[in-house]
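One structure is given below, encoded as structure tokens.
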Amino acid sequence: MSSLANILSQIVSDAFEAQGLPRELGAVRVSDRPDLCQFQCNGAMAAAKVAKKNPREVAAGVVDWLEVEYARAERVDHSKPAPTSCNSIFAKVEIAGPGFINLDVKKSFISNFLAENSQKENGGIESVGDGQEVVLDYGGPNIAKAMHVGHLRSSIIGDCLRRIYLTAGYRAVGDVHMGDWGTPMGMILSELDLMGHDGPVSMELLAEIYPKASGDCKADEARMALAREATRKLQDGDEAYTQRWREFIDVSIAGMKANFDALGVHFDEWKGESDAHPFIQGMVEALKQAGWAVESDGALVVPVERNDDTKEVPPLILLKSDGAVLYGTTDLATILDRVQTHHPVKIVYCVDQRQGLHFEQVFRAAEKLKGAGLVEELPELVFAGFGTMNGTDGKPFKTRAGGVMRLEDLISMGLEKARARLDEANLAAEIGPEEREDIAHKVAIAAIKFADLQNQRQSDYVFDLDRMTSFEGKTGPYLLYQAVRIQSLLKKAEDQAVNFDAAAFDVRDEDLSLALLLTELSDHFDCALKNHTPHVLCDYAYRLAQEFSSFYGRCHILSEEDVTLRASRLALCAQTHRTLVLLLGLLGIGIPARM
RNA sequence: GGUCCCGUAGCUCAACUGGAUAGAGCAACUGACUUCUAAUCAGUAGGUUGCAGGUUCAAGUCCUGCCGGGAUCGCCA
2 MSSLANILSQ
12 IVSDAFEAQG
22 LPRELGAVRV
32 SDRPDLCQFQ
42 CNGAMAAAKV
52 AKKNPREVAA
62 GVVDWLEVEY
72 ARAERVDHSK
82 PAPTSCNSIF
92 AKVEIAGPGF
102 INLDVKKSFI
112 SNFLAENSQK
122 ENGGIESVGD
132 GQEVVLDYGG
142 PNIAKAMHVG
152 HLRSSIIGDC
162 LRRIYLTAGY
172 RAVGDVHMGD
182 WGTPMGMILS
192 ELDLMGHDGP
202 VSMELLAEIY
212 PKASGDCKAD
222 EARMALAREA
232 TRKLQDGDEA
242 YTQRWREFID
252 VSIAGMKANF
262 DALGVHFDEW
272 KGESDAHPFI
282 QGMVEALKQA
292 GWAVESDGAL
302 VVPVERNDDT
312 KEVPPLILLK
322 SDGAVLYGTT
332 DLATILDRVQ
342 THHPVKIVYC
352 VDQRQGLHFE
362 QVFRAAEKLK
372 GAGLVEELPE
382 LVFAGFGTMN
392 GTDGKPFKTR
402 AGGVMRLEDL
412 ISMGLEKARA
422 RLDEANLAAE
432 IGPEEREDIA
442 HKVAIAAIKF
452 ADLQNQRQSD
462 YVFDLDRMTS
472 FEGKTGPYLL
482 YQAVRIQSLL
492 KKAEDQAVNF
502 DAAAFDVRDE
512 DLSLALLLTE
522 LSDHFDCALK
532 NHTPHVLCDY
542 AYRLAQEFSS
552 FYGRCHILSE
562 EDVTLRASRL
572 ALCAQTHRTL
582 VLLLGLLGIG
592 IPARM
């Protein structure tokens, strides 16, 4: 009910229902042929099949109903003669082509819609969450490893989804879910033993020894045995190991926080795989008791295949043949932890798409948690996987040196370019050093985040440094620039004591395209929420900014002499600004005061 | 080999889940700063949606078969 198309959908659905046709067919959407009409309903064609009638005949019935009903309502309400074809809402209702129902609404109706919406919180986005909890799992950095560009997608998309859920009225909980528990921990602990290292552990030291330990273990079975032994001791609660492990966790977290802060990515919980550990033993026992976990080739597994599977789904391994725990086990136990502490209605996993099968196994095994009496209700488990980050050669991204690019290096490069761009700008002289750094940072982050988020979540994407640090065209800084222009304009209005009512819209022909676009907000928000797709918001935000920029160049605003029109246009600017602020906020992008 | 995903303008990507004339950005070209910020705007050019069939009023979107690329297929995460 919160976008204009939604309101029209209700009305046209009534019309379909009155004809004895399914309501859903009355869905109205923004027209993809703006030259023909503003909104369209395509349901008559589908309805024709059901009713075994000519589609144009069905459409005619709907159109007649709309005219009669709305005419009658208007007569009662306003005691004036019924219009022949239109009413207070529609400027045009017509049938086109095979049975499209094309609709135009009156400008006064748009003005009223905007006036109402301008008073609502969040631009009229409905709060459907009702305070229910949703846990989001994203970020997933590993202990002892510097964060690289590969962590970008999970962090940024996950944080954006968290913001979307919050705005939809859910209590969203972001959990970083660090990789702090598996064999890598044993590799590091055993490496420190081999070195005879006893002093404090720094991030530099960790970053140096982890790749070595990992390489050695891969090459040498005996070395790997040491790592396994260390892992087992740690997981059994060895005091000295636990203390040392705690130490390098703390060091690593400090490094992660620096990166996440720079990106503006927020977490409510800093938990890791290790936090699932207390749940594992009981869980394994219960699953064994219930008969869901069985022995297979020396390992303890939960079979999860189904009769209707078209593919082979291997069982989830709870315990390896040597008794150690695997990431499937911790992922399963983590669900227990989350259910007990949050009672979420959903858990959303923002992880690499390549882990799809793994989570399929985990999700299926999770159903057994209920069967084993470990949980009363199982939340909806959502796999919001993202595609691989490739280089321009189409292969997984590597720097020219063959390594991975560190996240902080990417941010510095963005910052560098933003500073340089600021130097060229006209307002360079009047800005102090602190504000200047703040602007450069906001511009750089906007560029990086928008470049990432505008890609479809599911598909692979090409990492292009130039594109990520570009400030022109379809970029984050373009959006900031348009928002800043509006801010500047509104401030000027205030300085000149030009007052206007933010709800007094009087939409004219030249304002129509911007006004109509503003009525679409919740259509796009709903889509992004339902499908967990931030790029939908990026696309809408960009189109809105673009439409504003065109409007700005085409129309007089502050310089408009018609006082009513000037006020309306200022209100339009204010509403555009509120909408951009909301959208950029959802994307996790901050706006400077000027740039 | 089994299963799944992808193939759209020179490049990077959209296309509201089957709708009308497939849209943006970059790169190229032409214009617009004495006027509310030119990180901008207005315009030009660029397409057999990998190929071939099929389903229907309508296919980039659905079904089949090819071609090309990628992911994944029990003791790593």
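All residue numbers for the first sequence refer to my numbering, where the first residue is 2 and numbers rise by one.
The beta carbon of each residue, even a glycine, is placed where N, CA and C say it ideally should be.
Since the structure is predicted, the reported quantities are computational estimates derived from the model, not experimental observations.
The beta carbon of Met196 sits closer than 7 Å to none of the beta carbons in its chain outside the five residues before and after it.
With contacts defined by Cβ atoms closer than 8 Å, Lys234 and Leu288 do not form a contacting pair. In this structure Asn143 does not touch Gly187 by the C-beta definition: roughly 14 Å separates them, more than the 8 Å allowed.
For Tyr350, DSSP records a beta bridge to Asp138, Phe384.
The criterion of a C-beta distance shorter than 8 Å is satisfied by Gly183 and Glu274. According to the DSSP secondary-structure assignment, Arg30 is paired through a beta bridge with Gln41.
Secondary structure within the segment 264–328: the beta strand (DSSP E) runs of 3 or more consecutive residues, fully enclosed, are 295–297, 300–303, 317–320 (chain order). Annotation for Thr476: Ala447, Ala448, Phe451, Ala452 place their beta carbon closer than 8 Å to its own, counting only its chain and skipping 5 residues before and after.
In terms of Cβ geometry, Glu134 and Val174 form a close pair [threshold 8 Å]. Apart from the 5 residues on each side of it in sequence, Cys556 sits with its Cβ closer than 8 Å to the Cβ of Glu511, Asp512, Arg570 in its chain, given in chain order.
About 15 Å separates the Cβ atoms of Phe398 and Gln354, ruling out a contact at the 8 Å cut-off. Contact check for Leu423 against Arg437 passes: the beta carbons are separated by less than 8 Å. Under the three-state reduction of DSSP output, Asp510 falls in the helix class. The three-state secondary structure of Met148, taken from DSSP, is coil. About 27 Å separates the beta carbons of Leu22 and Phe114, which is beyond the 8 Å limit, so they are not a contact pair. Spatial neighbours of Arg365 in its own chain (CB-CB distance under 6 Å, excluding positions within 5 residues in sequence) are listed in chain order as Val305. Per the coordinates, the alpha-carbon of Arg307 lies some 8 Å from the alpha-carbon of Val314. For Gly175, the uninterrupted beta strand (DSSP E) segment begins and ends at 172–176.
In the three-state reduction of the DSSP assignment, Lys493 falls in the helix class, which pools H, G and I.
Proximity to Glu548 across Leu490, His536, His578, Ala568 peaks at His578, based on C-alpha coordinates. Per DSSP, the unbroken beta strand (DSSP E) holding Ala92 starts and ends at 91–97. Only residues of its own chain outside the window of five on either side were considered, and among them Tyr479, Leu480, Gln483, Leu581 have a CB closer than 7 Å to the CB of Ala546, listed in chain order.
The C-beta distance from Ala542 to Ile165 rounds to 13 Å, too long to meet the 8 Å contact threshold. The three-state secondary structure of Pro201, taken from DSSP, is coil. Excluding the 5 residues flanking it on each side, Arg24 has same chain C-beta neighbours closer than 7 Å at Ser14, Phe17, Glu18, in chain order.
For Met186, the secondary structure class from DSSP, reduced to helix, strand or coil, is helix. Between His536 and Leu454, the gap from beta carbon to beta carbon is short of 8 Å. Shown here, Met406 sits in coil according to DSSP, grouped into three states, outside any helix or strand.
The segment 96–106 makes no contact with the segment 146–154; the number of CB pairs closer than 8 Å stays below 3.
The DSSP-derived three-state label of Met596 is coil. C-alpha of Gln244 to C-alpha of Lys492: approximately 56 Å in a straight line. For Phe360, the secondary structure class from DSSP, reduced to helix, strand or coil, is helix. The C-beta of Pro56 has 16 or more other C-beta atoms within 10 Å across all chains shown, which makes the residue buried. For the pair Pro593 and Asp496, the CB atoms are not nearer than the 8 Å cut-off. With a beta-carbon spacing of about 5 Å, Phe464 and Met390 fall inside the 8 Å limit used to define contacts. Nearest neighbour of Ala441 by Cα position, chosen from Asp65, Ala419, Leu317, Ser3, turns out to be Ala419.
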